[in-house]
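Colleague: Below is a structure I'd like to ask you about.
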Amino acid sequence: MRSIQLLALCALLGAAAPALGSHSDPGDHDEHAEHDATQVSEPVAPTGPYQVVIDIHGIVCSFCAMGAHRALIQLEGLDASQFTDGVLIDIENQQVTLAFLPGAALPVSEIREAVRASGYELVDLRIKLRGREPPE
Amino acid sequence: MRGPLTLLLVLLPACAFAHQPVQDMAPRWSGGFGVQVRQEYRASDELLSGSSEVANPLGQMQRVSETWLEGVYTFQRAVRVTAKLPWIEQTRVTSSGIRQTGEGLGDLVLAVPLKRYWNDRGQTGAWGFTPNLRLPTGSTSDAYPVGDGSIDFGSSLTYARENPWSYVYVDLFYWINGSGRRGINRGDTLGLDLNLGLHPYHNNATNSGLFLMWDVSARYEGRGTNTVGTTGAKRVSLGPIAVVYWQNWMLRAEYAWPAYERVWDTQVSRGSELTLSLGAAF
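Chains as they are written, first to last, in the numbering used here: chain A, 194 to 329; chain B, 1492 to 1773.
See the structure below:
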């Protein structure tokens, strides 16, 4: 049974760069709002550039991680000037960071499909979003 | 990945690597494909009787160079097809002291790897079952024929597991070798390959890094015949493997040392083997 959780963090409205520095602690709830992704009906559209961090079980295979990269760079709204075409895959922590352009909608379903298509299941997937207040 | 990547019959261009996967962990996405060129080289002038080295007054030897072109296509995550075709250049000196050569395309190997991947926190892996078919596309006309003229069937069971720091690959396989032309009738082959590896370096920004592995390969090759004598042996080889990857490219180098070898009757040893491969997935 796939369970999907959305962890939306919105500490810095409109901030671009700081997202990566403290992204890896899913238990850090002091600054982060947590949401079930299945309950997010509308994509979030931050006004500034933002990054999304996704935890994906099993994405430890370095050579085939490029499959995930290949699928994720097709997402609309990525800031290709960051990372490699807007995507950074951290196999040690099994996290993928996506850099989005200001105002770009957060394509939750497209992310889920891209991860699935690259050979990984969305088991216990979480997203961290920075750039605006979390949706109510 | 694996490897990437054994064959033999002392005086035949058999393909020990024939069963092995092309890029085991990738491409695991529908519509993905990969290509790989693998160069294998082995040579020996060590004459064995059973497992003992004996005098070799006629200078019996063998030297085999095989360049494999391999491709893989993933229809869907669980089903892929692979094709492998070698170009072979080989020389031997027989028990009569006659020097023989052979050169040309060898036997085509087709396979349908069926995979069941699993992903877990901190690791990924796959079980696999692969039916193989080796077609007699290689010529048997040379003095040292690059083909055997038979249709052969193989199957393998594989298990692979990888986490950010280590890699394990196990392959148990069996080949049923048919009766070919010119008296070539190789025995069936049972084999077990084990790769244990470390992943000491990875750069997330460039998706590049290094694997260091240790390979253990065991073979039981039934007694058979080729154009000049007996084939088949029991063998165990050991050796290091290094894999360097950068994004979708992978370079693999491996060395196999014959730790144990016991041939049927008297044959030239398989010798040590050096393999280099370069592949990419798209």
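We treat Cβ as the ideally placed atom computed from N, Cα and C, and that holds for glycine. Here the structure is a predicted model, which is why all the values come from computation and not from measurement.
Report yes if the C-beta distance between Pro1655 of chain B and His1690 of chain B is below 8 Å; otherwise report no.
Modeller: Inclusion of Pro1655 of chain B and His1690 of chain B in the CB contact set at 8 Å is warranted, their separation being smaller than that value.
Colleague: How big is the Cα-Cα spacing for Val1572 of chain B and Pro1548 of chain B?
Modeller: 47 Å
Colleague: Provide the residue span of the beta strand (DSSP E) that contains Ser1469 of chain B, from first to last.
Modeller: An answer regarding residue 1469 of chain B cannot be provided, because it is not within the stretch 1492 to 1773 covered by chain B.
Colleague: Please classify Ser1632 of chain B as buried or exposed, where buried requires at least 16 other C-beta atoms within 10 Å of its C-beta.
Modeller: The residue is exposed, with fewer than 16 neighbouring Cβ atoms inside 10 Å.
Colleague: So, for Ile1579 of chain B: in the same chain, excluding its five sequence neighbours on each side, which residues have a beta-carbon less than 6 Å away from its beta-carbon?
Modeller: Pro1504, Glu1557, Gly1597, Val1637
Colleague: With contact counted as at least three CB pairs below 8 Å, one residue from each stretch, are the region 1581 to 1600 of chain B and the region 1619 to 1629 of chain B in contact?
Modeller: yes
Colleague: Straight-line CA distance for Ser1542 of chain B to Val1754 of chain B?
Modeller: 6 Å
Colleague: Which same chain residues end up closer than 6 Å to Ala297 of chain A when comparing Cβ atoms and leaving out the 5 residues on each side of it in sequence?
Modeller: Gly270
Colleague: So, with DSSP's three-state summary, where would you put Ala402 of chain A?
Modeller: No information on residue 402 of chain A is available, as it lies outside the stretch 194 to 329 that chain A covers here.
Colleague: Can you give me the C-alpha to C-alpha distance between Asp1679 of chain B and Ala1744 of chain B, rounded to a whole angstrom?
Modeller: 28 Å
Colleague: Where DSSP assigns a beta bridge to Ser1768 of chain B, which residues make up the other side?
Modeller: When beta bridges are read from the DSSP output, Ser1768 of chain B appears opposite B:Arg1529, B:Arg1743.
Colleague: Is the CB of Gln1738 of chain B under 8 Å away from at least one CB in chain A?
Modeller: yes
Colleague: Give the C-beta separation of Asn1668 of chain B and Asp1706 of chain B to the nearest angstrom, bearing in mind that I take them to be a contact with Cβ-Cβ under 8 Å.
Modeller: About 23 Å; that fails the 8 Å criterion.
Colleague: Of the residues B:Gln1551, B:Ala1574, B:Ser1587, which one's Cα is nearest the Cα of Thr1621 of chain B?
Modeller: For the residues B:Gln1551, B:Ala1574, B:Ser1587, the minimum Cα distance to Thr1621 of chain B belongs to B:Ala1574.
Colleague: Return no unless some Cβ of chain B is closer than 8 Å to the Cβ of Glu258 of chain A.
Modeller: What sits at residue 258 of chain A in the sequence shown is Ala, not Glu. Closer than 8 Å to some Cβ of chain B, the Cβ of Ala258 of chain A qualifies, so yes.
Colleague: Relative to the C-alpha of Leu1605 of chain B, which residue among B:Val1735, B:Thr1592, B:Ser1647, B:Gly1700 is closest?
Modeller: B:Ser1647
Colleague: According to DSSP, is Ala307 of chain A part of a helix, a strand, or is it coil?
Modeller: helix
Colleague: Nearer than 7 Å: is that true of the beta carbon of Gly1720 of chain B relative to any heavy atom of the ligand SAH?
Modeller: Questions concerning the ligand SAH fall outside what the structure shown contains, since it holds no ligand whatsoever.
Colleague: With C-beta atoms as the reference, is Arg1710 of chain B less than 8 Å away from Gly1682 of chain B?
Modeller: yes
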